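This report refers to the structure that appears directly beneath it.
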Amino acid sequence: MAIQYFIASTLTYRLRHVIIPTLLPLLIACQPPSINPDKQLSDDFQQWGHYGGDRGNSHYSKLAQINRSNVGELALAWSYSSAKQQPISATSELQINPIIVNGILYGRSPLYNVFALQADTGKELWTRPADTEPVGLSFMRGLSYWQDTQQQQQRILFTTSHYLFAIDANTGLAIGDFGDNGKVDLRAGLGRDINKISVYAPSPGVIFDDLIIIGTAVNETFGAAPGDIRAYNTLTGKLVWRFHTLPHEGEFGYDSWPKDHWQTGGGANAWAGLSVDHSRGVVYAPTGSATPDFNGSTRKGDNLFANTILALDARSGERLWHYQTVHHDLWDRDLSSAPTLATITDQGQKQDVVVQASKQGVLYLLDRDSGKPIFPIEEVPTPASPIAGEYASPTQPKVTLPEPFTRQAFTLDMITDINPKAHAFVKAQYDTAAPFAYFRPPGLQPSILFPGFYGGANWGGGAYDPETNLYYINAMEDANLINMVALELASDNISDQGKLIFKQHCSGCHGDQLQGFYPYAPALADISLTGNKSDAMAIVQSGKGRMMPFNYLSNEEQNHVVDYLFSLSESLLQPTSDNTPSHINPASTIDTAPITTTKTTYVFGGYSPFVDQRYYPAVKPPWGTLNAIDLATGKRQWQITLGEYAELMAEGIPPTGTRNYGGPVVTAGGLLIIAASSDEKLRIFDKTTGELLWQYQLPSAGYATPSTYEINGIQYIVISCGGGKLGTASGDQYLAFAIPDSAQ
Numbered sequence: 007m008a009i010q011y012f013i014a015s016t017l018t019y020r021l022r023h024v025i026i027p028t029l030l031p032l033l034i035a036c037q038p039p040s041i042n043p044d045k046q047l048s049d050d051f052q053q054w055g056h057y058g059g060d061r062g063n064s065h066y067s068k069l070a071q072i073n074r075s076n077v078g079e080l081a082l083a084w085s086y087s088s089a090k091q092q093p094i095s096a097t098s099e100l101q102i103n104p105i106i107v108n109g110i111l112y113g114r115s116p117l118y119n120v121f122a123l124q125a126d127t128g129k130e131l132w133t134r135p136a137d138t139e140p141v142g143l144s145f146m147r148g149l150s151y152w153q154d155t156q157q158q159q160q161r162i163l164f165t166t167s168h169y170l171f172a173i174d175a176n177t178g179l180a181i182g183d184f185g186d187n188g189k190v191d192l193r194a195g196l197g198r199d200i201n202k203i204s205v206y207a208p209s210p211g212v213i214f215d216d217l218i219i220i221g222t223a224v225n226e227t228f229g230a231a232p233g234d235i236r237a238y239n240t241l242t243g244k245l246v247w248r249f250h251t252l253p254h255e256g257e258f259g260y261d262s263w264p265k266d267h268w269q270t271g272g273g274a275n276a277w278a279g280l281s282v283d284h285s286r287g288v289v290y291a292p293t294g295s296a297t298p299d300f301n302g303s304t305r306k307g308d309n310l311f312a313n314t315i316l317a318l319d320a321r322s323g324e325r326l327w328h329y330q331t332v333h334h335d336l337w338d339r340d341l342s343s344a345p346t347l348a349t350i351t352d353q354g355q356k357q358d359v360v361v362q363a364s365k366q367g368v369l370y371l372l373d374r375d376s377g378k379p380i381f382p383i384e385e386v387p388t389p390a391s392p393i394a395g396e397y398a399s400p401t402q403p404k405v406t407l408p409e410p411f412t413r414q415a416f417t418l419d420m421i422t423d424i425n426p427k428a429h430a431f432v433k434a435q436y437d438t439a440a441p442f443a444y445f446r447p448p449g450l451q452p453s454i455l456f457p458g459f460y461g462g463a464n465w466g467g468g469a470y471d472p473e474t475n476l477y478y479i480n481a482m483e484d485a486n487l488i489n490m491v492a493l494e495l496a497s498d499n500i501s502d503q504g505k506l507i508f509k510q511h512c513s514g515c516h517g518d519q520l521q522g523f524y525p526y527a528p529a530l531a532d533i534s535l536t537g538n539k540s541d542a543m544a545i546v547q548s549g550k551g552r553m554m555p556f557n558y559l560s561n562e563e564q565n566h567v568v569d570y571l572f573s574l575s576e577s578l579l580q581p582t583s584d585n586t587p588s589h590i591n592p593a594s595t596i597d598t599a600p601i602t603t604t605k606t607t608y609v610f611g612g613y614s615p616f617v618d619q620r621y622y623p624a625v626k627p628p629w630g631t632l633n634a635i636d637l638a639t640g641k642r643q644w645q646i647t648l649g650e651y652a653e654l655m656a657e658g659i660p661p662t663g664t665r666n667y668g669g670p671v672v673t674a675g676g677l678l679i680i681a682a683s684s685d686e687k688l689r690i691f692d693k694t695t696g697e698l699l700w701q702y703q704l705p706s707a708g709y710a711t712p713s714t715y716e717i718n719g720i721q722y723i724v725i726s727c728g729g730g731k732l733g734t735a736s737g738d739q740y741l742a743f744a745i746p747d748s749a750q
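Heads up: the sequence shown is residues 7 to 750, going by this note's numbering.
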C-alpha cells in the first residue's frame, strides 16, 4: 500500500494507476479556506440543498423522525402534477432529484418547466416555462442553488438543451446580466463550429463559492464534441476555467492519444455529475469513454482522461491527480454517477476517501488527497483485439476490494433457469458467442458483455452512511451481446456512402435491419410506409427523444443517410417467397449485390440485448439488486433483490429484481429509501438488515433519487415519478410522504 508515485518525464503509462505530485496533500492543506455562504445546505444533512443531498453526493440525511418504529404509518402528504394537465410525450422521463432550500422545493416538469413549491404543502409558488426547445437527449436530473455571501441573492441554475440558465430563486425570473440575457451556450469555446456539435448537461453543476462547475454529455459517434469540464461565474456567466479531458499539446496525457487528436476527437466527458470538497477546494469528476465508443482505431493509446476519476483544483481547474479505471475503452464503460465523498472510520482512524461506483459492478475506493487506491487494484492481462487496425490495451485495472456488487463473469451455469423455454432460447445464443473473458474487445463474432452496457451501477449512484461505514448501491445484472461488423464499401458509390453513415451513426441503436433495440430505440423497418423523408431529415438535424441531433453531418451526408434509410426500409418490406416481409426474416439482407470494394470499414453492431424470448435477462436472477458494502473492510454485508415482475410472480417464480434507474437515500432513522425499479414502487428498507419495512405503488415509476427534508418539525420524503423507461408509462407527478400529526 505504501507506494510512492512521482511525476517524471520518464514515467510510462504502464504505471497507470495514478499520478500524484509528492507534495499535493501539503499544497491542499495550505490553500485558503473557501467561502461557503450556504454552509447550512452542505453540512447539517437536514435540508436537501444539492443534487445527491450535499456536494459530496452522500445521499445521507441526519433526519430520524421517520424511523424503523413508525415507518409503517407513513402516508401521502401531498402530490403535485408538474405538467398541469398539459399533454406529455409518451416517452418523456423525469429523473429529477428535487432540491429543498429554506422550505421551498425546486423541481422540473417533463415539459422542461422549472417550478417552486412550498415544500410542506406542495402549493405552487411560481413556475417558469421552458426557455428553449429541448434537443434530443435532454434528460434532467437536478438543479443547482446558489446564494451570495450576504445571502441577498439566491439563484437557481439549470440546463436545457445546450444552454445553462440562471434565474431568481424567489421569483423564477431570468437573471438578465448572466451570460447572454440569462443564459450561456455550452457549445461555445470548444474549438468546434457550434452549429455542428451536440452538447447538453443531464446532471446539474456543483457550486463552489461563486462558481458553477459542470460537465456535459456529447454524441457517442464520430464527430462528437470534446468533453471539457468548465467553471462559470454564477454572477456573470463568464467562463473562469476549463479542463481539457482531451489534452492539448504540451498538457499531461497528450501522448496517450494520436498527435493532435484533441482537434478532431470527442468524448471523455463528465456527464454523470461532479462532487466537491469545500474544505480542500477540490472538485472530483468522473468521465466517460472517448468517441466513438466501440471503435478505437482512430484513437490509439490509453486515452487520458477518458474513463477517469479526476481531482481538480476547484478555483483554477488544475489537475491534482487522476485515476483511470479503463484504458482505451471499447465497451462504453463510462463512469456513470457522481462520486461519493466519504470519511471511513477504521479502528479509530479516519480517512477521507472518494467512492466511485461503476458499470462493471465494482467500487473504486481512493484516498481523497492522493488518489491512491485504499485496497490494491491489479493490472491484469486482457485479450488482444481481433479487428484489423484496432488497438486494445494489454492490461486493465481489476479491483480486489471492495467486493463486487454484481457477478463478474457470464458462464454456462449462469444461463437463466426461469423455465426450460427461456433456458433453451438463451443457450442457443450463448453457443454462438465467443467465450466470456474479462474486457474481451469486440470482434466480428458476438461476445458477452456482463454486466451490460447500462451496468452494474448507473447514474443514480450510491448512498453512504457515516454512522456505519456502509455504502448502499442498487445495480442491474443484465447482459448484452457486442460485436463489430465489417463493411466492404466503394468510396464513389453514393448508396455506399449513405450505408456507411447509417452504420456508423444509426444502426447501433436502430439495428442493421431496422429492428430497433427495445426499449431504448424504436424499430424503423416500416418507415417508408409510415413516414416521409422531410420529417426524417428534421429528426436527423434536430434530434428526437433519446436521439441527439447529427448536425455535424453535412447536408449531403444527411441526405445520403436518409435516402439509405428509406431504401433499406423499402427492401425489408418486400415479401419473401412465403409472403412474409423480409424484415421478419433475420437472414434477409439488402446487401446481396456485389459492389466495387475499395475499403473495409468496421462499425459497431448495435446495442444487442442478451435476453430470452420474452425480453427477460439471459442470466439467472437476481436481475436487480440492492447492496450494502462496508467501506472499512471492503466486504459486502448483504444483497437483496430490488423489484419484481408481477407476471413472473404469478407463474410461481420468486422475486427476481428488475432493471432499475435512480439512487437510494440513507437516514439516521435506520432507513434506506429507494424507488428505481420498473414495478413502479417506492420502498423503504431497514438499512442494517435489508428487511423491507414499507412500500407504496407510485402513479408512474420513480426513476430518480428521492429527497428528504424537515419543515416545521415534520420530516418529508419526496420522489419524482416520471416513468417513460423500461416499458413503463410516462408521468409528471411529485409525491411527498410524512407521518401524520408528527410535528415536534
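For each residue, glycine too, the CB sits at the ideal point set by N, CA and C.
All figures in this text were calculated on a predicted structure; none of them were measured in a lab.
Opening and closing residue of the alpha helix (DSSP H) in which residue i lies
| i | result |
| --- | --- |
| Thr-607 | Unbroken run through Thr-607 is the beta strand (DSSP E), 605–610; no alpha helix (DSSP H). |
| Leu-574 | 561–578 |
| Ala-428 | 426–438 |
| Leu-535 | 533–536 |
Neighbourhood of residue i by C-beta, 8 Å cutoff - its chain only, sequence neighbours within 5 removed
| i | result |
| --- | --- |
| Val-288 | Ile-34, Val-282, Ala-317, Leu-318, Asp-319, Ala-320, Leu-326 and Arg-374 |
| Pro-400 | Pro-387, Thr-388 and Ala-390 |
| Gln-402 | Val-332, His-333, Glu-385, Val-386, Thr-388, Tyr-444 and Phe-445 |
Residues bridged to residue i [DSSP beta-bridge criterion]
| i | result |
| --- | --- |
| Gly-630 | Met-482 |
| Gln-330 | Thr-314 |
| Ser-713 | Val-724 |
| Ile-690 | Ile-679 and Trp-700 |
| Arg-114 | Val-120 |
| Asp-352 | Gln-355 |
| Asp-636 | Leu-476 |
| Arg-325 | Leu-318 |
| Trp-247 | Ala-237 |
| Phe-743 | Leu-82 and Ile-723 |
With 16 other Cβ atoms within 10 Å as the buried cut-off, status of residue i
| i | result |
| --- | --- |
| Gln-156 | exposed |
| Leu-279 | One point to set straight first is that residue 279 is Gly, not Leu, in the sequence displayed. Result: buried. |
| Asp-419 | exposed |
| Pro-592 | Annotation note: pLDDT 38 at Pro-592 (below 50); position unreliable, coordinate value reported separately. With fewer than 16 Cβ atoms within 10 Å of its Cβ, Pro-592 is classed as exposed. |
| Ala-544 | exposed |
| Ala-744 | buried |
| Asn-201 | exposed |
| Ser-150 | buried |
| Thr-28 | In this predicted model, Thr-28 has a pLDDT of only 42, less than 50, meaning its place in the structure is not dependable; the value taken from the coordinates is given anyway. Exposed: under 16 other Cβ atoms inside 10 Å. |
| Asp-308 | buried |
| Ile-656 | Looking at the sequence shown, residue 656 is not Ile but Ala. It is exposed - the Cβ of Ala-656 has fewer than 16 other Cβ atoms within 10 Å. |
| Gln-739 | buried |
| Val-386 | exposed |
| Arg-305 | buried |
| Asp-338 | buried |
| Leu-179 | exposed |
Cβ shell of residue i (< 7 Å), same chain only, five flanking positions each side left out
| i | result |
| --- | --- |
| Asp-216 | Asn-239, Thr-240 and Leu-241 |
| Lys-368 | Sequence check: residue 368 is Val here, not Lys. For Val-368, where only same-chain residues beyond five positions count, the Cβ hits under 7 Å are Val-405 and Pro-410. |
Endpoints, the beta strand (DSSP E) within which residue i is located
| i | result |
| --- | --- |
| Glu-653 | No beta strand (DSSP E) holds Glu-653; the alpha helix (DSSP H) holding it covers 652–656. |
| Gln-414 | That residue, Gln-414, is in no beta strand (DSSP E); it is neither H nor E in DSSP. |
| Glu-384 | 383–387 |
| Phe-616 | Unbroken run through Phe-616: none, as it is neither H nor E. |
| Val-360 | 355–363 |
| Val-671 | 671–673 |
| Ser-87 | 81–87 |
| Thr-662 | Looking at the DSSP string, Thr-662 is not in any beta strand (DSSP E), and its letter there is neither H nor E. |
| Ser-281 | 281–283 |
| Leu-372 | 369–373 |
| Arg-642 | 642–647 |
| Ala-237 | 235–239 |
| Thr-401 | 401–405 |
beta-carbon residue i near the ligand ATP non-hydrogen atom, thresh 7 Å
| i | result |
| --- | --- |
| Gln-157 | Absence of the ligand ATP is noted for the structure shown, with no ligands found whatsoever. |
Every unbroken beta strand (DSSP E) within the segment 463–519, with a cutoff of 3 residues, ordered by chain: Contiguous beta strand (DSSP E) elements confined to the segment 463–519 occur at 469–471, 476–482, 486–488 and 490–495, taking only those with 3 or more residues.
Beta strand (DSSP E) segments (min. 3 residues) lying fully within the segment 133–178: 150–153, 160–166 and 169–174
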